[in-house]
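Number of protein chains: 2
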Amino acid sequence: MDAAEFSDYLERCRILVYEELRRIVPEGSLGPALYDRMLDYPRRTAKALRPALCIASCRAFGGGLQAVLQTAAVIELFHNAFLLHDDVEDGSELRRGLPTLHAEFGVPIAVNVGDAMLAIALGPLLDNTRTIGLGKALRVLRLVADMARVTAEGQALELEWTRTRRFDLADADYVSMVERKTAHYSFVTPLLVGALIAGAPPDTVDRLRGFGRDLGIAFQIQDDVLNLTGEYGKELDGDLYEGKHTLILLHLLRSVSEDEREIVAAILAKPRPTAPTAPGEPRQGGGTALAGVRAAVGALTGRLTREEIEYLLLACDAAERALTLSTKTPEDVALLKGLVMKYGSIEYARAIAADWARRAERGLAEIRPHLLASADIEFLDTLVGYVVERTR
Amino acid sequence: MDAAEFSDYLERCRILVYEELRRIVPEGSLGPALYDRMLDYPRRTAKALRPALCIASCRAFGGGLQAVLQTAAVIELFHNAFLLHDDVEDGSELRRGLPTLHAEFGVPIAVNVGDAMLAIALGPLLDNTRTIGLGKALRVLRLVADMARVTAEGQALELEWTRTRRFDLADADYVSMVERKTAHYSFVTPLLVGALIAGAPPDTVDRLRGFGRDLGIAFQIQDDVLNLTGEYGKELDGDLYEGKHTLILLHLLRSVSEDEREIVAAILAKPRPTAPTAPGEPRQGGGTALAGVRAAVGALTGRLTREEIEYLLLACDAAERALTLSTKTPEDVALLKGLVMKYGSIEYARAIAADWARRAERGLAEIRPHLLASADIEFLDTLVGYVVERTR
């Protein structure tokens with residue numbers, strides 16, 4: 001499949017799934033607030049990779065589009081609910097090129113909209129009993145419940161490392177975290193759900209699980225790389241501001257000199273500058289507030305020596321620093337990024353991502369002989385290269 | 393049922409449900425972090441009213457304890473997940489007498505633990521197919537999915553009023569909000585699920601819905617009253633700090649003079665003082681930071697007149713006020729509370745709660761003739777009085 005055909009496959013899935021999402025999300029009698037906001041992230045045109053995977057897997061195993069479409073849309077709905085909560089948890093400011101929902105409407109509303117999305121996602125999964133039968137519908141429900149649990153486990157691992165400022169981690173720790181946080185819901189579950197709905201045999205399903213995991217890990221590593229290099233829709237270098245536990249950062253920490261390590265540790269110990277928590281609420285900081293004190297000092301110029309004035313202004317400087325000290329500055333992040341470049345940590349991560357993609361390629365090659373040729377299997381094949389070569 | 397028997401009924405249900413919760417929440421291979429924190433709120437001994445309602449309803453309609461126990465525990469798990477997210481959304485500091493989970497571990501972890509609880513709650517509902525049969529299990533799933541959706545709708549209404557600073561609301565708006573936010577998941581769903589599992593006839597189930605709604609509204613109004621009067625486990629007057637849209641506040645706004653209304657509006661426009669968002673992170677504010685400036689000014693005492701020193705210190709005061717100005721002070725809240733007392737807004741709310749409780753009483757009286765006498769129906773009967781007379 002060439003690049004144009006690949007994009008076209010994705011785009012067709014995206015349109016089908018978005019229509020389905022609009023059916024699933026009710027207009028509601030509550031005014032636009034709750035239900036309209038559920039479609040905020042889906043409206044920001046995304047790749048819709050997960051439902052495409054689900055559809056491709058179902059069709060590759062001989063299933064029909066109508067049987068899987070509703071479930072594919074539910075997976076996209078879960079994905080967007082996870083993004084809403086992730087953005088809150090990471091304090092992210094941009095998503096798909098626009099302010100995150102919590103940056104626009106505040107954390108309380110973002111948390112609640114996510115919860116509401118998780119709630120309404122269950123309806124179509126229950127309706128599935130009518131379209132794919134009772135047995136399959138119940139197994140899909142179980143897979144989706146597991147998916148939500150495993151994703152929260154991955155998130156818990158990372159949040160705990162952040163909370164306790166743990167950076168003494170091996171690459172294997174990272175892999176075990178992103179397998180849960182990303183690969184499971186973004187790759188493994190869509191593939192398994194598609195295959196289950198198509199009625200694929202159990203041994204192929206097991207192979208599919210390994211393929212999805214390997215590809216998902218490659219995908220997340222490439223995501224980390226793009227965060228530092230890409231045109232992305234997210235805040236460039238956001239991972240460095242957030243002190244995310246990426247392979248890049250772990251490699252850097254292993255590579256730096258003793259002196260550099262101390263500097264890096266001091267930067268990582270600072271939180272990111274906090275986004276405003278509600279619209280209109282200014283960032284807190286001493287700058288404006290201390291302007292009045294500085295003016296008062298200035299008014300006394302004739303009454304004090306230059307040294308005394310200087311002394312008072314230095315005290316003001318110190319007060320301002322104390323009020324903003326605790327957050328990472330752009331200079332801090334530039335320093336981290338300089339070290340990342342110096343030690344080739346991005347190239348290191350790229351190489352590891354390529355390894356996982358090769359594993360995925362071998363996994364798919366093992367499944368392929370069991371399937372008839374189709375555009376869907378071509379899509380999955382092309383996807384493996386795309387995952388590590390993509391630039392957004 | 394006398395008070396001792398009533399407490400005993402609740403306590404027995406609580407113990408059974410807590411054991412069940414310990415089975416549902418897996419020990420997990422992720423260390424204590426995620427799964428242990430799911431039991432944090434349930435361990436803080438609560439009334440466990442919702443599972444008791446579910447059990448009482450099932451048994452009153454002739455169902456068995458074993459058939460309903462797992463589902464009752466799931467409802468308690470949902471309740472505790474809602475509490476985690478509510479506490480984040482309201483910025484609450486205390487829950488059942490201890491710091492809220494987000495006050496202890498930060499907002500990101502509290503949001504994620506709540507998500508994980510919602511995810512694992514689905515497992516036992518799917519296992520239900522084995523204990524209560526496929527048809528009933530699917531109908532319970534649908535009721536629980538609706539419950540999560542309706543609760544988020546109620547929360548959305550209130551959060552939107554808060555975001556847009558809307559206080560021009562009628563009592564009917566409040567009732568429509570708490571019907572969704574509280575009554576549906578705390579009363580209606582537990583009662584309906586219990587009756588469904590017992591196999592109660594559809595017309596009785598409809599009556600039960602009205603009974604649960606009326607009782608739930610009475611319960612929430614009494615909750616609002618206790619927030620201002622009670623020994624409660626929550627922050628006393630927390631609702632006033634949060635500017636919650638209670639009947640009490642709506643009554644107050646209708647009762648005050650023009651001048652008072654302006655003062656009240658100005659206070660309500662300020663956000664509550666923010667709790668620290670992560671452990672160890674100090675509240676932001678100018679106090680400590682400006683201490684250095686004040687000391688510098690003090691060191692110049694001999695060099696400046698008393699008026700000049702005073703002038704600089706006033707500038708420091710102004711800077712400090714600018715840094716903390718935007719949040720409600722204890723004096724603000726005391727003023728609101730004084731007006732609440734002056735205008736009898738608490739008595740007003742108590743009277744409305746009593747009305748709803750009487751409606752619930754009549755509703756239960758209509759159901760009662762269809763049921764055999766049992767301790768369970770006695771429990772429901774006693775509950776009606778308890779809901780509006782309770783002091784915690």
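Protein sequence lines, in the order shown, are assigned to chains Z and W.
This note's numbering applies: residue 1 is where the first sequence begins, and numbers increase by one.
This note's numbering applies: residue 393 is where the second sequence begins, and numbers increase by one.
Idealized CB from N, CA, C, for every residue including glycine.
Is L143/Z closer than 8 Å to L196/Z when the C-beta atoms are compared?
By one-based count along the first sequence, residue 196/Z stands at place 196. By one-based count along the first sequence, residue 143/Z stands at place 143. In this structure, L143/Z lies closer than 8 Å to L196/Z by Cβ.
Identify each residue in the stretch 102-120 of chain Z for which the Cβ-Cβ distance to at least one residue of chain W is less than 9 Å, and report them in chain order.
Across the stretch 102-120 of chain Z, CB contacts with chain W closer than 9 Å involve F105, G106, V107, P108, I109, V111, N112, V113, G114, D115, A116, M117, L118, A119, I120, in sequence order along the chain.
State yes or no: is the C-beta of L290/Z within less than 8 Å of the C-beta of A711/W?
Working through the first sequence from its first residue, we reach residue 290/Z at position 290. Working through the second sequence from its first residue, we reach residue 711/W at position 319. A contact, by the Cβ cut-off of 8 Å.
Assigned exposure category for R130/Z - 16 Cβ within 10 Å defines buried
As a position in the first sequence, residue 130/Z is number 130, starting the count at 1. R130/Z should be labelled exposed.
Between the stretch 573-585 of chain W and chain Z, which residues of the former have CB atoms less than 7 Å from a CB of the latter, in chain order?
Answer in chain order: no residues at all.
Under the three-state DSSP convention, the category R44/Z falls into
Looking up residue 44/Z in the first sequence gives position 44. Looking at R44/Z - three-state DSSP - the assignment turns out to be coil, as it is neither helix nor strand.
Mind listing the chain W neighbours of T129/Z? Cutoff is C-beta to C-beta under 8 Å, in chain order.
Residue mapping note: residue 129/Z aligns to position 129 of the first sequence, counting from 1. For T129/Z, the C-beta contacts it makes with chain W under 8 Å involve L530, in order along the chain.
Run of the alpha helix (DSSP H) containing M1/Z, from where it starts to where it stops:
Sequence index remark: in the first sequence, residue 1/Z carries index 1 (1-based). That residue, M1/Z, is in no alpha helix (DSSP H); it is neither H nor E in DSSP.
Does the beta-carbon distance from L772/W to A448/W come in below 8 Å?
Taking the first residue of the second sequence as 1, we reach residue 772/W at position 380. Taking the first residue of the second sequence as 1, we reach residue 448/W at position 56. Contact flag set, yes.
If you draw a straight line from the alpha carbon of L192/Z to that of F497/W, how long is it in whole angstroms?
In the first sequence, residue 192/Z corresponds to position 192, counting from 1. In the second sequence, residue 497/W corresponds to position 105, counting from 1. Spanning the two alpha carbons is a distance of roughly 35 Å.
Contact set between H477/W and chain Z, taken where Cβ atoms lie within less than 8 Å
Taking the second sequence and counting its residues from 1, one reaches residue 477/W at position 85. Those within 8 Å of H477/W in chain Z are V111, N112, D115.
Which parts of the stretch 99-172 of chain Z are runs of the alpha helix (DSSP H), unbroken and 4 residues or longer, counting only runs that do not cross its ends?
Qualifying alpha helix (DSSP H) stretches, in chain order: 101-105, 107-120, 122-132, 134-163.
Beta-carbon of P276/Z versus every beta-carbon of chain W: anything under 8 Å?
Along the first sequence, read from residue 1 onward, the residue named residue 276/Z stands at position 276. Residue confidence for P276/Z is low, a pLDDT of 37 falling below 50, so the modelled location carries little weight and cannot support an answer.
Roughly how far, in whole angstroms, is the beta-carbon of I75/Z from the beta-carbon of T189/Z, given that I think they are within contact range, below 8 Å?
Within the first sequence, numbered from 1, the residue matching residue 75/Z stands at position 75. Within the first sequence, numbered from 1, the residue matching residue 189/Z stands at position 189. For a cut-off of 8 Å, the C-beta gap from I75/Z to T189/Z is around 7 Å, short enough to register as a contact.
Relative to the C-alpha of A137/Z, which residue among E260/Z, A148/Z, P124/Z is closest?
If you number the first sequence from 1, residue 137/Z lands on position 137. Checking every option, the nearest Cα to that of A137/Z belongs to P124/Z.
Say whether chain W places a C-beta atom closer than 8 Å to the C-beta of R142/Z.
On the first sequence, position 142 is the one that residue 142/Z refers to. By this cut-off, R142/Z is an interface position.
Roughly how far, in whole angstroms, is the beta-carbon of L77/Z from the beta-carbon of R37/Z, given that I think they are within contact range, below 8 Å?
Position 77 of the first sequence, counted from the start, is the residue given in the question as residue 77/Z. Position 37 of the first sequence, counted from the start, is the residue given in the question as residue 37/Z. About 13 Å separates the two Cβ atoms, so there is no contact after all.
Contact criterion: CB-CB distance below 8 Å. Does R541/W meet it with respect to chain Z?
Sequence index remark: in the second sequence, residue 541/W carries index 149 (1-based). Chain Z has a Cβ within less than 8 Å of the Cβ of R541/W.
Is it true that the CB of L34/Z sits closer than 8 Å to the CB of A687/W?
Taking the first residue of the second sequence as 1, we reach residue 687/W at position 295. Taking the first residue of the first sequence as 1, we reach residue 34/Z at position 34. Taking 8 Å as the cut-off, the Cβ atoms of A687/W and L34/Z do not count as close.
Simplified DSSP state of R321/Z, which is helix, strand or coil:
Translated into positions along the first sequence, residue 321/Z becomes position 321. In the displayed model, R321/Z falls within a helix according to three-state DSSP.
Can a CB atom of chain Z be found closer than 8 Å to the CB of V570/W?
Mapped onto the second sequence, residue 570/W falls at position 178. Taking Cβ atoms only, chain Z never reaches closer than 8 Å to V570/W, which makes this a no.
Taking the beta carbon of A170/Z as the centre, do at least 16 other beta carbons fall within 10 Å, making it buried, or is it exposed?
Translated into positions along the first sequence, residue 170/Z becomes position 170. Label assigned to A170/Z: exposed.
In the structure shown, what three-state DSSP assignment does R95/Z receive?
To locate residue 95/Z, count along the first sequence from 1; it is residue 95. In the displayed model, R95/Z falls within a strand according to three-state DSSP.
Between G586/W, R646/W, E397/W, E485/W, which lies nearest to L445/W when the distance is taken from Cα to Cα?
Numbered from 1 along the second sequence, position 53 holds the residue referred to as residue 445/W. The shortest C-alpha separation from L445/W is found at G586/W.
Give a yes or no on whether the minimum CB-CB distance between V480/W and chain Z is below 8 Å.
Taking the second sequence and counting its residues from 1, one reaches residue 480/W at position 88. It does; some Cβ of chain Z falls within 8 Å.
So what's G286/Z in DSSP terms, helix, strand or just coil?
By one-based count along the first sequence, residue 286/Z stands at place 286. Confidence at G286/Z is low in this model, with a pLDDT of 45, below 50, so the placement of that residue should be treated as unreliable; the coordinate-derived value is given next. DSSP places G286/Z in the coil class of the three-state scheme, outside both helix and strand.
Can you find a C-beta in chain Z that's less than 8 Å from the C-beta of R695/W?
Numbered from its first residue, the second sequence carries residue 695/W at position 303. So yes, R695/W belongs to the interface.
On the CB-based measure, 16 or more other CB atoms within 10 Å of its CB, does G525/W come out buried or exposed?
Counting from 1 along the second sequence, the entry for residue 525/W is found at position 133. Its Cβ having fewer than 16 others within 10 Å, G525/W is exposed.
Chain W contact residues for A315/Z, given Cβ-Cβ distances below 7 Å:
Here the question's residue 315/Z lines up with position 315 in the first sequence. Here the neighbours are G684, V685, A688.
Quick one: is E89/Z buried, meaning 16 or more other Cβ sit within 10 Å of its Cβ, or exposed?
Reading the first sequence from its first residue, position 89 is the one you call residue 89/Z. By the 10 Å Cβ count, E89/Z comes out buried.
V340/Z and I267/Z look like a contact to me (Cβ under 8 Å); what is the Cβ gap, rounded to whole Å?
Locating residue 340/Z in the first sequence gives position 340, counting from the first residue. Locating residue 267/Z in the first sequence gives position 267, counting from the first residue. The beta carbons of V340/Z and I267/Z sit about 12 Å from each other, so the pair does not count as a contact at 8 Å.
Whole-angstrom distance between G622/W and R139/Z, CA atom to CA atom
The count along the first sequence starts at 1 and reaches residue 139/Z at position 139. The count along the second sequence starts at 1 and reaches residue 622/W at position 230. Answer to the nearest angstrom: the Cα atoms are 47 Å apart.
Is there contact between the stretch 685-703 of chain W and the stretch 596-608 of chain W, where contact requires at least three CB pairs shorter than 8 Å?
They do not touch, by the three-pair rule.
Expected contact under 8 Å - CB spacing of I24/Z and A73/Z to nearest Å
Position 24 of the first sequence holds residue 24/Z. Position 73 of the first sequence holds residue 73/Z. Approximately 6 Å separates the beta-carbon atoms of I24/Z and A73/Z; this is inside 8 Å, confirming the contact.
Could you tell me the boundaries of the alpha helix (DSSP H) in which Y740/W lies?
Locating residue 740/W in the second sequence gives position 348, where the first residue counts as 1. Judged by DSSP secondary structure, Y740/W falls within the alpha helix (DSSP H) whose first and last residues are 737-759.
Would you identify the three-state DSSP class for S766/W, choosing helix, strand or coil?
Reading the second sequence from its first residue, position 374 is the one you call residue 766/W. In the three-state DSSP reduction, S766/W falls in the coil class, being neither helix nor strand.
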